[in-house]
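In the order they appear, the protein sequences are chains A and B.
Under the numbering used here, the residue at position 54 of the first sequence is numbered 56, and the numbers go up by one with no gaps.
Under the numbering used here, the residue at position 133 of the second sequence is numbered 135, and the numbers go up by one with no gaps.
Glycine included, C-beta positions come from ideal geometry on N, C-alpha and C.
2 protein chains.
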Amino acid sequence: MRREAQVPATSRPTSRDVAHEAGVSQSTVSLVLGGKWTGRVSPATARGVREAAERLGYRPNQAARNLRLGTTRTVLLMVPTLTAPFFGPVHTGAVRVAARHGFGVVAYVWPDDTGPADSPFAAPHEAIDGILASSMAVDALARFGGTPAVMLDSDPAGSAATVGFGVADGMRAIAAHLAELGHRRIGHVAAAVDQWTFRARAQALAGAVAGLPGGVLSRSTCAIGVTPAKDAAARLLAQPDPPTALVCDDDLIAAGAYKAARALGLDVPSDLSVTGFDDVLLATALEPELTTVRLPAEELGAQGMAVLLELLGGGRPARRVLPGELVVRGSTGPPRAIR
Amino acid sequence: MRREAQVPATSRPTSRDVAHEAGVSQSTVSLVLGGKWTGRVSPATARGVREAAERLGYRPNQAARNLRLGTTRTVLLMVPTLTAPFFGPVHTGAVRVAARHGFGVVAYVWPDDTGPADSPFAAPHEAIDGILASSMAVDALARFGGTPAVMLDSDPAGSAATVGFGVADGMRAIAAHLAELGHRRIGHVAAAVDQWTFRARAQALAGAVAGLPGGVLSRSTCAIGVTPAKDAAARLLAQPDPPTALVCDDDLIAAGAYKAARALGLDVPSDLSVTGFDDVLLATALEPELTTVRLPAEELGAQGMAVLLELLGGGRPARRVLPGELVVRGSTGPPRAIR
DNA sequence: CTGAAAGCGCTTACAG
DNA sequence: CTGAAAGCGCTTACAG
């Protein structure tokens, strides 16, 4: 009978230890600490239990709780990458709200390039209560079956709960800002990424320029990175009648546009205006500082988690949209012609 | 007797279902799927079990496994922030290795500013097997008691397992590069962060400049951010005999140094050389591109996790050091005087 | 080679 | 108001 040697000695107190310390039964401890005691346990007993738990430094065993309840109190945050500056804050916001409700967050980079697991007890999505999916295609969630999910910055057309950004409004604000400065020939350096958020940006910009008397829109696409963006911007600037302003799908692409301008000896903003999108840290590190649309990334994570918790609680949360804000800095000015 | 209504119907097959499907006992299923069957279960039976599991789409219940084994297969990754560009890749590397061994990674931002939890079943560090702590003080681990931990880019003097960067060598490489270009008056724009990695950088630079005939080192400190760094750099450049090169503790600080130079009408690199540290994405977004030391962040996360897994397996892993690599780009050149 | 059984630490219907 | 007991789904010593 060496049963006790089977399980590594964790020395952590259990609810049974607390019960012994408080002189009550284990079920009473569970009731009290679970907050379901009112009307069922006397206040004096409840206090005694709490004091005993405190003395022993008792913390419930999550695994046991999860097993019993059939839940995990864990949420999967699916992001296309954690390396891009945008998604760190999303994670931070999600964790902040989750922690407040006793939930943990596991970040999962999608598409998955971590390769197959050695063990059959692998992927974190085997043991989660819900999914927070950022900038993902709706159908990518199919393989997760009926797991409650909230889509972030994604197509609101589907049936899934969503928290979005006002990307179309943001893009229109940029267009209006440039139009007011006098720009008519606009170049769109677009992300070659098949996501709703970028399609929405392109569509909003196209609509705005189409509504502008004399407005001309040209477009070039690239991967989200400085060098590809530089090339795409250079292609637009090499046209016979080049744009006087480059609207970029995100701040990183704008950094590439700066480089293209410099390579051609063009000054930003006197020869060329450039705008970004997102307002990540990079935007103020660049010279001149970048005119862009600020998207509240941390708030997206926080509200997304709040909506997911509502969903898990049986609610039917309404769609939320977080507005983007135009931040005018030094990278935009009147075009050379009307200066 | 409505027992079955107690637990939410997950409809997931259990090992008992697999046993029924395969016509064997539940313990046999566990043995086979746990990989401990050789010599105890006939190959034919084992195959039958595996086929049944496949047919049913069986995945073991982690909570039950954790409860039984007293482990969680979860590792906590503690980082000072996920918002800075450096730590995303560390997380990515850690997840890559962890997933391969059936471990999950929960990122935990330290110091903790998420506030207290509403529920007593809160902080993720109540249910983890090990800790990966990046750029942290050794004593911050104290509250986690005996939990196995690996320190990343931290003081190797302690007793904890560590995976480090060759930060001192990296700093010496920068100093040598600048010395060779002809610089003698060096300004150090140092991070005002009490971490071993920055102390090591400062010490290495001081040593290198001290060994340089005619070498003069001045230093100014700042928070890690563009604006504070700009101010700190400006202070150094306002000295009567200003440095001809600014050595910055990381790339973000270097971005601030660029701004200070521009505000004074100084060209980088013809009037002032600037160097960074880390080689994050920002380094090539800047103009001119930044001479810096590349630290393999993703590899730090990956090797850190490998060491932690070794530790959890009962090993006594040796300290590992990942070398930094000097990357010479456009921000360094000979000082004006000897041009 | 295979199965019956104990037990990990909880939550909660049920009986007093 | 309180306790004894079942059971969540596993792993593993033990008995055949």
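8 Å contact criterion, which residue i and residue j should meet: CB distance rounded
i	j	result
glycine 168(A)	glycine 326(A)	5 Å
alanine 55(B)	valine 20(B)	5 Å
valine 270(A)	threonine 293(A)	Wrong, their Cβ atoms sit about 10 Å apart, outside the cutoff.
serine 275(A)	alanine 247(A)	4 Å
isoleucine 188(A)	glycine 217(A)	7 Å
aspartate 132(A)	valine 81(A)	The amino acid at residue 132(A) is misidentified as aspartate; the sequence shows glycine. So it is not a contact: roughly 15 Å between Cβ atoms.
threonine 164(A)	arginine 321(A)	5 Å
Buried versus exposed call for residue i [16 or more other C-beta atoms within 10 Å across all chains shown]
i	result
leucine 219(B)	buried
alanine 263(A)	buried
alanine 265(B)	exposed
leucine 310(B)	buried
aspartate 196(B)	exposed
serine 27(B)	exposed
leucine 71(A)	exposed
proline 242(B)	exposed
glutamine 305(B)	buried
proline 245(B)	buried
lysine 232(B)	buried
glycine 316(A)	exposed
arginine 102(B)	buried
proline 150(B)	buried
alanine 178(A)	exposed
serine 44(A)	exposed
Any C-beta of chain B under 8 Å from that of residue i
i	result
glutamate 182(A)	no
lysine 232(A)	no
proline 298(A)	no
glycine 132(A)	no
valine 20(A)	no
leucine 302(A)	no
alanine 65(A)	yes
valine 26(A)	no
valine 249(A)	no
leucine 284(A)	yes
alanine 287(A)	yes
leucine 314(A)	no
leucine 69(A)	yes
threonine 149(A)	no
proline 91(A)	yes
valine 77(A)	no
threonine 74(A)	yes
Range covered by the alpha helix (DSSP H) that runs through residue i
i	result
arginine 174(B)	169-183
methionine 307(A)	299-314
arginine 237(A)	228-239
serine 32(B)	28-35
glutamate 23(B)	17-24
glycine 209(A)	198-212
arginine 296(A)	Not the alpha helix (DSSP H): arginine 296(A) falls in the beta strand (DSSP E), residues 294-296.
leucine 283(A)	Note, leucine 283(A): premise wrong, no alpha helix (DSSP H); not H, not E.
Beta carbon proximity, residue i to chain A, threshold 8 Å
i	result
threonine 246(B)	no
glycine 117(B)	At glycine 117(B), the pLDDT of 42 sits below 50, so the modelled position is not reliable and the matter cannot be decided from this model.
glutamate 53(B)	no
proline 82(B)	no
proline 122(B)	Any answer about proline 122(B) is weak, because its pLDDT of 32 lies below 50 and its placement is not dependable; what the coordinates show is given next. Yes, proline 122(B) counts as interfacial toward chain A.
glutamate 56(B)	no
valine 31(B)	no
threonine 277(B)	no
proline 15(B)	no
threonine 85(B)	yes
Where the beta strand (DSSP E) through residue i begins and ends
i	result
valine 77(B)	76-81
histidine 190(A)	187-193
threonine 47(A)	Per DSSP, threonine 47(A) belongs to no beta strand (DSSP E); it is in the alpha helix (DSSP H), 45-58.
threonine 277(B)	275-277
serine 136(A)	132-136
alanine 109(A)	106-111
arginine 14(B)	Looking at the DSSP string, arginine 14(B) is not in any beta strand (DSSP E), and its letter there is neither H nor E.
Residue i beta carbon near the ligand NAP (any heavy atom closer than 7 Å)
i	result
alanine 192(B)	With respect to the ligand NAP, the structure offers nothing, as it holds no ligand at all.
Chain B contacts made by the segment 320-341 of chain A, where a contact means CB separation under 9 Å: none
Interfacial residues, the segment 255-270 of chain B to chain A, with Cβ spacing under 7 Å: Ala257, Tyr260, Lys261, Arg264
Chain-ordered residues of the segment 94-110 of chain B with a beta carbon less than 9 Å from chain A: Thr94, Val97, Arg98, Val99, Ala100, Ala101, Arg102, His103, Gly104, Phe105, Gly106, Val107, Val108, Ala109, Tyr110
Selection of the segment 210-236 of chain A by Cβ proximity to chain B, strictly under 9 Å: Gly227, Val228, Thr229
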